């Protein structure tokens, strides 16, 4: 089962492409399937944001390499005994959640023989394990250090090999800035001592496409390499002389290598290699027009005093030492990771995993327990089916004191969802508040303090007796399946209402597995295209009746009916009849059931504003003197506002 992690950390299942809907509370498999298809159609009419189910929440953190993007769920049995129906351990197992991080290619699922990873140490009561690739955690820690060092660090580009393994992280923006430096240095000349004051302007070492900050990953290790350069003005002043301004090129090269180790101090990131090399050179000295310096400084350069002066002063100023210390501190020799790993393991579905044991012989393992405060109760009953105006008492299992109860419509829209008391007594809405044949509401109980909640799905029926589907098309020589049910499980009587002698079909008990009743096509009348049979189902205890219809084809329809335009707000649909690809202007339009609504002889259907029917059958007829009768049909679902896609309108 695949799912995604949203931008705010919600772990969600995108059900927009879901299939296999079943009405679990139905009595037969056939009814479950038919009901499932009905609710699937309703579900598919919802906007995308309404077809997403949030499982929980993950703390995403700030590290680019450890931000979850998507997940896959699998189940795993705890050994052979868990697969044996005769064993006391039958059904014992775990849910495996494989989480894919952002900027990372997805890997493969474990194959046969994948070990059960929740320990069974006596007295520990483990119920959850989280595993991380050790190099991934180390990489995240190193990139955090880079982020701190390069205060304006830009996006990190990740490169992967053909197997989806991370090979390289590249930072091509951001900068490291060292402030302006000043110093005075005595210089011995033939005619005495000259004090030279030197100023080095602010140094800006930038990560760029030409000098990127690169982290390479190999053999479970990581190597950092950066070789930036910058140009800065160096100004010399001496008493009685004009300032001399020169340009210098400053460069640094840093190489550091790291590995993750499991030590007596816990999990540590160890620096196994470190090299720092400073670089400096004057530029533009060959072209005197680019250098603004009085004769004294040219004399000093000619005497080769200035270059060692600059190099020595730069060192003595502490600039090079400062830069070196900055890198050495940023890339420490030994960093404990246990606290970092525990912070990362906040991929815990709303603090649902507790624990503090971290090990890393190979992958990094975090072993803990499911937090009972976050998974402490469910609502009972979970999926009640009830009649309008009825009541249902809800409770939590186990009992939790002080839970707050709430009821809301499952789908946004008009109509009251009913009410629920502080003790969990739900009162269903009356018939006048239900639009259609039923409504579905969500009852939620929320625990005080923890905020943990559980919900129940309630189906409130307008009538105790229901029959599905409402209409079926039955071709010559075929059958159509129907199913009915009542809340009380009463005996139901099936019949064809007002049958047409010698033409109507028959309704019989179904012989299919899980079937209820089957309509069998009657004798064929080739002078007709259609026969509309009405099937009536009666509750023998209450005498309540419900009807559904079968459009029994006598031959293939010759006309096609198309929707030309629709105005949902006015309840109008303009239709056209097509014969052999040509639009007919003289078709005769009719409603074989007498409604609901009306249709003009120009093909304009007008739906009633207060109709309770869920569909309308529309016929078109062309009676040609030479060629005979040509007929076609269209079944429109009602109310129109609930089915914009059928009308070719955006949902």
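Numbering (our numbering), first residue to last: 1 to 651. All C-beta atoms, glycine included, are put in the ideal place defined by N, C-alpha and C. In this text the structure is predicted, and so the values were computed from the model without any measurement.
Closest residue to residue i among the options (Cα-Cα distance)
i: residue 178; options: 215, 158, 172 and 229; result: 229
i: residue 38; options: 21, 398 and 557; result: 21
i: residue 130; options: 122, 118 and 420; result: 118
i: residue 532; options: 388, 207, 505 and 515; result: 505
i: residue 474; options: 518, 499, 23 and 433; result: 518
i: residue 204; options: 174, 193 and 219; result: 174
i: residue 404; options: 416, 454, 484 and 42; result: 454
i: residue 257; options: 50, 77, 250 and 219; result: 219
i: residue 181; options: 167, 168, 202 and 196; result: 202
i: residue 253; options: 562, 227, 270 and 111; result: 227
i: residue 576; options: 545, 621, 569 and 614; result: 621
i: residue 558; options: 581, 77 and 450; result: 581
i: residue 206; options: 176, 233, 222 and 216; result: 176
i: residue 440; options: 398, 589 and 383; result: 383
i: residue 642; options: 35, 46 and 50; result: 46
i: residue 435; options: 645, 611 and 579; result: 611
i: residue 132; options: 379, 260, 482 and 480; result: 260
i: residue 449; options: 402, 487, 427 and 414; result: 402
i: residue 561; options: 568, 574 and 410; result: 574
i: residue 208; options: 276, 367, 157 and 223; result: 157
i: residue 564; options: 78, 618, 167 and 603; result: 603
i: residue 556; options: 508, 633, 484 and 507; result: 633
i: residue 438; options: 614, 369 and 471; result: 614
i: residue 34; options: 186, 457, 121 and 471; result: 471
Close beta carbons around residue i, own chain, < 6 Å, minus the five adjacent residues each side
i: residue 214; result: 170 and 225
i: residue 534; result: 497, 547 and 549
i: residue 541; result: 490
i: residue 235; result: 199, 243 and 245
i: residue 238; result: 194 and 196
i: residue 400; result: 377 and 447
i: residue 444; result: 406, 453 and 455
i: residue 416; result: 429 and 433
i: residue 587; result: 577, 620 and 622
i: residue 155; result: none
i: residue 159; result: 167 and 168
Beta strand (DSSP E) segment containing residue i, residue limits
i: residue 158; result: 156-160
i: residue 590; result: 588-590
i: residue 547; result: 545-553
i: residue 123; result: Element bounds for residue 123: n/a, residue is neither H nor E.
i: residue 50; result: Segment: none, residue 50 is in no beta strand (DSSP E) and carries neither H nor E.
i: residue 445; result: 438-446
i: residue 434; result: Segment: none, residue 434 is in no beta strand (DSSP E) and carries neither H nor E.
i: residue 415; result: Counting along the chain, residue 415 falls outside any beta strand (DSSP E), and DSSP gives it neither H nor E.
i: residue 402; result: First-last for residue 402: undefined, no H or E at that position.
i: residue 496; result: 492-497
i: residue 86; result: From DSSP, residue 86 is part of no beta strand (DSSP E); its letter is neither H nor E.
i: residue 485; result: 479-486
i: residue 473; result: 471-474
Strand pairing of residue i, partner residues [DSSP]
i: residue 563; result: 575
i: residue 397; result: 378
i: residue 584; result: 577
i: residue 222; result: 217 and 258
i: residue 525; result: None; residue 525 has no bridge partner.
i: residue 533; result: 550
i: residue 464; result: Residue 464 pairs with nothing; no bridge assigned.
i: residue 503; result: DSSP lists no partner for residue 503.
i: residue 168; result: 159 and 216
i: residue 387; result: 461
i: residue 623; result: 629
i: residue 271; result: 258
i: residue 198; result: 183 and 236
i: residue 409; result: 441
Cut-off 8 Å between Cβ atoms - residues of its own chain near residue i, not counting five sequence neighbours on either side
i: residue 616; result: 591, 593, 595, 596, 597, 605, 607, 635, 636 and 638
i: residue 211; result: 226, 227, 228 and 229
i: residue 334; result: 268, 269, 270 and 271
i: residue 90; result: 81, 82, 83 and 84
i: residue 510; result: 30, 481, 516, 517 and 518
Spatial neighbours of residue i in its chain, beta-carbon cut-off 7 Å, leaving aside the 5 residues before and after
i: residue 571; result: 606, 607, 609 and 640
i: residue 524; result: 476 and 554
i: residue 579; result: 558, 559, 622 and 630
Q: Count the C-beta pairs between the stretch 491-506 and the stretch 418-426 that are closer than 8 Å, then say yes if the count reaches three, no if not.
A: no
Q. Touching or not, the stretch 383-391 and the stretch 461-471, by the rule of three or more beta carbon pairs under 8 Å?
A. yes
Q. Are three or more beta carbon pairs between the stretch 466-480 and the stretch 389-398 nearer than 8 Å?
A. no
Q. Does the stretch 549-561 come within contact of the stretch 474-486, defined as at least 3 CB pairs closer than 8 Å?
A. yes
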